[in-house]
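To start, the structure under review is shown below, and the notes come after it.
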Amino acid sequence: MTELPPLPFQARRDIILFRLAGGSMVLPAAPVQFMGGDSEYRYRPDSELLYATGWAAPSCVAVLRGFADEDRFVLFVPERDAKAELWTGPRADPEEVKERFGADAAHPLRELAEKGPGLLAGGDTIHYRLGASAGCDGVVREALRRGRLRRARKGAGAHVLADPGAVLDEMRVRKDDAEIARMREAARITVDAFRDALPEVRPGVGEWEVEAALESGFRRRGAGGPAFATIVAAGANACTLHYSANGSRIGPDDLVLIDAGAEFGWYAADVTRTVPARGRLDGARREAHDTVRRARRAALAACRPGGTVEEVHGAACRAIAEGLVGMGVVEGPAGEVLAEKRHQAFYPHQTSHWLGLDTHDSGLYRDGDGPVRLEPGMVLTVEPGLYFAPGSCPRVPELEGTGIRIEDDVLITDEGAEVMTEGLPAGWGTEG
Ligand code: ZN
């Protein structure tokens, strides 16, 4: 496996603490999720805690204190417990944790209720997502109560609650080199697994079999697994945007939409291709596929530093509207279709979302100054599509029961953009 640069947790924390200034932040671990009874899902760490500390196990609370001179990074972690460790694996004691994670102090989690409020009461703003953890909710409420009293007497004390995303989102949207290395690897694994799985797309094959080929391709190449529920949608199933039952057999004339991505080192890839079961396509459905490919090219050309996600979407929508007019699905001209938003009946979603630790990664698309400008290091998807649900297209009924989407992962660079998933043709066979 490729050698990966270490993630710069210390440098990130220095920036977080600087931006917190007179405030603090509380990041609890994500809870363990159960399937039905008491079987645990494979653990997925909280992205913000992971980003700030590298902690990837359950049951932890990180406290960051930008206002303080000491104990600026404090961890509360589970204690050693031979019985629990037999079931869920070895734990480190607080001293080891402190060393390994570069914390100023580490305490047993059971001391959180007692020590937490005192650690937080001194700053002005506590960055914490209320409701994230019952234990932390109590600690933060008590810190605010003490902070109000302190403020009344001394003029300073915690009295504002803010979202951790106010500090972290802007950092997470610009990927550092170590993150980009992981995302390229997630993209490479996903492209290679698609290459394994696409030959499985044939009439009579179950959607689940294509899913199995893809996901086995992820795991065999060292991915943690799928970053989200794999979609293999044949025929009209592709018109349901989040179809993931993958329980139908592929029909002889179906177009098959496959939306999947590997997670590698906790970073996601997110790729879609739509291929015909019989390996060829003609008539109106061929035109529709060509339209989505033109929209893809136009949108990719708009991915550059200084551009915006809205411009990328605009470029895709223009190509989609022109294609719809060309196919006779809607009456032109295309400019009017766009102005009246008539293309949205067949292309209802956005062209892009941020991609990173989360498949729909954190980060604003607009801020107080208008649309967020694309910068080197930002990673977004480009995923134009066309969907003709049954009964939706009386002017070209041949298109009904067809959903097409083509999705790639794009890194904005100094020069323009790197399509990290370029290794996978947008058509089928040798078609780019
Ligand atoms: Zn996507």
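Each residue of the sequence shown is one higher than the one before, starting from 1 at the first, in our numbering.
In this text, a Cβ means the ideal position worked out from N, Cα and C, and glycines have one as well.
Short Cβ contact (7 angstroms threshold) for residue i with residue j
i	j	result
leucine 324	valine 330	yes
glycine 89	alanine 238	no
proline 443	proline 376	With the chain covering only 1 through 432, there is no way to say anything about residue 443.
phenylalanine 76	histidine 107	yes
cysteine 303	valine 379	no
tyrosine 267	alanine 186	yes
threonine 190	valine 139	no
alanine 178	proline 5	yes
valine 201	valine 275	yes
leucine 27	leucine 49	yes
alanine 113	glycine 147	no
threonine 381	histidine 360	no
alanine 426	arginine 296	yes
tyrosine 365	valine 309	yes
isoleucine 412	leucine 357	no
alanine 298	alanine 315	yes
histidine 343	alanine 321	yes
glutamate 407	glutamate 383	yes
aspartate 71	alanine 21	no
valine 256	alanine 234	yes
leucine 109	proline 78	yes
alanine 103	phenylalanine 73	yes
alanine 82	glycine 123	no
threonine 142	proline 117	The amino acid occupying residue 142 in the given sequence is glutamate; threonine does not appear at that position. Yes, the pair counts as a contact, with Cβ atoms nearer than the cut-off.
Where residue i falls, given that 16 or more other Cβ within 10 Å makes a residue buried
i	result
valine 32	exposed
alanine 11	exposed
valine 160	exposed
glutamate 95	exposed
phenylalanine 35	Contrary to the premise, residue 35 reads as methionine rather than phenylalanine in this sequence. With fewer than 16 other Cβ atoms within 10 Å, it is exposed.
phenylalanine 264	buried
proline 394	exposed
arginine 153	exposed
tryptophan 87	exposed
serine 362	buried
alanine 236	buried
phenylalanine 18	exposed
alanine 30	buried
glycine 204	exposed
glutamate 40	exposed
leucine 144	buried
arginine 220	exposed
leucine 386	buried
leucine 149	exposed
serine 216	exposed
proline 45	buried
arginine 405	buried
alanine 245	exposed
arginine 42	exposed
Extent of the continuous beta strand (DSSP E) to which residue i belongs
i	result
methionine 25	24 to 28
arginine 403	Note that residue 403 corresponds to glycine in the displayed sequence, not to arginine. Unbroken beta strand (DSSP E) run through glycine 403: 402 to 405.
glutamate 162	Before going further, note that residue 162 is alanine rather than glutamate in the sequence given. Taken as a continuous stretch (DSSP letters only), the beta strand (DSSP E) holding alanine 162 covers 160 to 162.
glycine 385	385 to 388
valine 139	Segment 134 to 154 is the alpha helix (DSSP H) holding valine 139; no beta strand (DSSP E) there.
valine 379	379 to 382
threonine 88	Element bounds for threonine 88: not the beta strand (DSSP E) but the alpha helix (DSSP H), 82 to 88.
valine 329	First-last for valine 329: undefined, no H or E at that position.
arginine 12	Note, arginine 12: premise wrong, no beta strand (DSSP E); alpha helix (DSSP H) at 9 to 20.
valine 74	73 to 77
alanine 56	Note, alanine 56: premise wrong, no beta strand (DSSP E); not H, not E.
Residue range of the unbroken alpha helix (DSSP H) whose run includes residue i
i	result
tyrosine 51	47 to 53
glutamate 418	Element bounds for glutamate 418: not the alpha helix (DSSP H) but the beta strand (DSSP E), 417 to 419.
alanine 166	165 to 172
proline 108	From DSSP, proline 108 is part of no alpha helix (DSSP H) but of the beta strand (DSSP E) over 105 to 108.
glutamate 263	Premise fails: glutamate 263 lies in the beta strand (DSSP E), 262 to 264, not in any alpha helix (DSSP H).
arginine 278	First-last for arginine 278: undefined, no H or E at that position.
alanine 233	Looking at the DSSP string, alanine 233 is not in any alpha helix (DSSP H); the run it does join, the beta strand (DSSP E), is 231 to 234.
isoleucine 412	Segment 408 to 412 is the beta strand (DSSP E) holding isoleucine 412; no alpha helix (DSSP H) there.
alanine 313	In the sequence under discussion, the amino acid at residue 313 is histidine, which differs from the alanine named in the question. Counting along the chain, the alpha helix (DSSP H) containing histidine 313 begins and ends at 309 to 326.
isoleucine 250	Looking at the DSSP string, isoleucine 250 is not in any alpha helix (DSSP H), and its letter there is neither H nor E.
histidine 289	283 to 301
arginine 395	Element bounds for arginine 395: n/a, residue is neither H nor E.
arginine 219	207 to 220
arginine 44	Counting along the chain, arginine 44 falls outside any alpha helix (DSSP H), and DSSP gives it neither H nor E.
heavy atom of the ligand NAP below 6 angstroms from residue i C-beta
i	result
methionine 327	Because the ligand NAP does not appear in the structure shown, any question about it cannot be addressed here, the ligands present being the ligand ZN.
Review point. Taking a cut-off of 6 angstroms, which residues have a beta-carbon closer than that to any heavy atom of the ligand ZN, in chain order?
Key: Asp270, His353, Thr381, Glu383, Glu407
Point to revise | Any 3 or more C-beta pairs closer than 8 angstroms across the segment 255 to 262 and the segment 217 to 236 | key: yes
Check your understanding: Given 8 angstroms as the limit, is there contact between the segment 381 to 401 and the segment 280 to 298, that is, 3 or more CB pairs closer than that?
Key -> yes
Review point. If you pair each beta-carbon of the segment 193 to 206 with each one of the segment 169 to 183, do three or more pairs fall below 8 angstroms?
Key: no
Review point. Pairing CB atoms from the segment 122 to 136 with CB atoms from the segment 162 to 172, are three or more of them under 8 angstroms?
Key: yes
Check your understanding: For the segment 345 to 352 against the segment 413 to 425, are there 3 or more C-beta pairs whose distance is under 8 angstroms?
Key -> no
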